[in-house]
């Protein structure tokens, strides 16, 4: 929640500074952003590889539960695919790539910006921040009407950190390990799915 | 572009596995990740602020984002509702 506000703050500050013509021109050059992006992906990789908890998590996980992130991927792609008919001006693959952020708004929006340009990048940022906020707000309802796994798949990649507390509250503490696992798998899938789709 | 992206990620994962026990370094990389995200999103904002077309369409894009978000959430919770009897044979729905 706090971090999504910080991200939106960065976006808005960027827009205002640039609209006021105060932004140094070199920051707008795509080579600079591409360079920072490569460093960022490298760092994200170090974070994933350096994660010691994953092995412990896998040991404690019911093998059937390993299918939960897969359900989140297929469900998200189906839902976004169907609703994209009602979203004019966005192609199917583009809508799917935005959906493939699974709430990981920072990485997905930056990746999509570099591959497809700012328009789709901003859409990815908004849609994925909304996914996190909606999960925070709607988890009690989702758990009630769609079962206790619903907040986990709704949270997508954020189930591993920002939406974990609300998931545990709505689904029960016994689902915490599954939520962290599902969120980690989805976070890892984000760059692969986006580069595959675009 | 896409290939370099995945290559950077995989290189990072490999190095992360090798440096797994150097906690200070892993922690530092986490902090650097946060700040490079802030910088890049700020740049994204900068590009948006310099782009009239996007600025004029922000309202419409907000709606598109809402729809895509709803599609993703509804799709995943409906599917999980369908398959959870197979994933959780011991736990049935309360209602």
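Protein chains in written order, with our numbering: chain A, 48 to 245; chain B, 4 to 98. No residue lacks a Cβ here, since even glycine has one placed at the ideal position from N, Cα and C.
{"Asked": "Looking at C-alpha atoms only, which residue of 51/B, 9/B and 88/B is the closest neighbour of residue 67/A?", "Found": "51/B"}
{"Asked": "Taking three-plus beta-carbon pairs below 8 Å as touching, is the stretch 121 to 141 of chain A in contact with the stretch 74 to 94 of chain B?", "Found": "yes"}
{"Asked": "Can a CB atom of chain E be found closer than 8 Å to the CB of residue 52/B?", "Found": "Of the chains in the structure shown, none is chain E; the protein chains are A and B."}
{"Asked": "To the nearest angstrom, report how far apart residue 244/A and residue 77/B are at their CA atoms.", "Found": "21 Å"}
{"Asked": "For chain B, find out if any of its Cβ atoms is closer than 8 Å to the Cβ of residue 129/A; answer yes or no.", "Found": "yes"}
{"Asked": "Taking Cβ-Cβ distances below 7 Å as the criterion, which residues of the stretch 202 to 234 of chain A are in contact with chain B?", "Found": "none"}
{"Asked": "Using a cut-off of 8 Å between C-beta atoms, extract the partners of residue 65/A located in chain B.", "Found": "48, 49, 50, 51, 52 and 53"}
{"Asked": "Alpha carbon to alpha carbon, what distance is there between residue 139/A and residue 132/A?", "Found": "8 Å"}
{"Asked": "Would you kindly check if the distance between the Cβ of residue 230/A and the Cβ of residue 205/A is under 8 Å?", "Found": "yes"}
{"Asked": "With a threshold of 8 Å between beta-carbons, can residue 145/A be considered close to chain B, or not?", "Found": "yes"}
{"Asked": "At 7 Å on the CB atoms, spell out the chain A contacts of residue 33/B, in chain order.", "Found": "94"}
{"Asked": "Whose C-alpha, out of 49/B, 85/B, 44/B and 58/B, is nearest the C-alpha of residue 53/A?", "Found": "44/B"}
{"Asked": "Between the stretch 15 to 44 of chain B and chain A, which residues of the former have CB atoms less than 7 Å from a CB of the latter, in chain order?", "Found": "15, 16, 17, 18, 19, 20, 22, 23, 29, 32, 33, 35, 36, 39, 40, 41, 42, 43 and 44"}
{"Asked": "For the stretch 109 to 128 of chain A, list every residue whose C-beta sits within 9 Å of some C-beta in chain B, in sequence order.", "Found": "109, 111, 112, 114, 115, 118, 119, 120, 121, 122, 123, 124, 125, 126, 127 and 128"}
{"Asked": "Quick one: does residue 62/B have its CB under 8 Å from some CB of chain A?", "Found": "no"}
{"Asked": "Rounded to whole angstroms, what's the CA-CA distance from residue 194/A to residue 177/A? Just pull it up for me.", "Found": "21 Å"}
{"Asked": "When you compare each of 201/A, 190/A and 191/A to residue 180/A by their alpha carbons, which one comes out closest?", "Found": "201/A"}
{"Asked": "What residue from 150/A, 112/A, 78/A and 158/A has the CA that sits closest to residue 51/A's CA?", "Found": "150/A"}
{"Asked": "When burial is assigned at 16 or more other CB atoms within 10 Å of the CB, is residue 198/A buried or exposed?", "Found": "buried"}
{"Asked": "Over what stretch of residues does the alpha helix (DSSP H) that includes residue 5/B continue unbroken?", "Found": "5 to 21"}
{"Asked": "Please classify residue 209/A: does DSSP put it in a helix, a strand, or coil?", "Found": "coil"}
{"Asked": "Between which residues of its own chain and residue 115/A is the CB-CB distance below 7 Å, once the five residues before and five after are set aside?", "Found": "196, 199, 200, 225 and 229"}
{"Asked": "Cβ of residue 33/B within 8 Å of Cβ of residue 146/A?", "Found": "no"}
{"Asked": "Pick helix, strand or coil for residue 110/A, following the three-state DSSP scheme.", "Found": "helix"}
{"Asked": "Determine which residues of the stretch 134 to 168 of chain A have a Cβ less than 8 Å from any Cβ of chain B, and write them out in chain order.", "Found": "134, 136, 137, 142, 145, 146, 149, 153, 154, 156, 157, 158, 160, 161, 162, 165, 166 and 168"}
{"Asked": "Cβ closer than 7 Å: which chain B residues qualify as neighbours of residue 73/A?", "Found": "Those within 7 Å of residue 73/A in chain B number zero; the least Cβ separation is about 10 Å."}
{"Asked": "When burial is assigned at 16 or more other CB atoms within 10 Å of the CB, is residue 238/A buried or exposed?", "Found": "buried"}
{"Asked": "Run down chain B in chain order and give the residues with a C-beta less than 8 Å from the C-beta of residue 200/A.", "Found": "79, 80, 82 and 83"}
{"Asked": "Please decide whether residue 52/A counts as near chain B, where near means a Cβ-Cβ distance under 8 Å.", "Found": "no"}
{"Asked": "Could you compute how far the alpha carbon of residue 22/B sits from the alpha carbon of residue 101/A?", "Found": "15 Å"}
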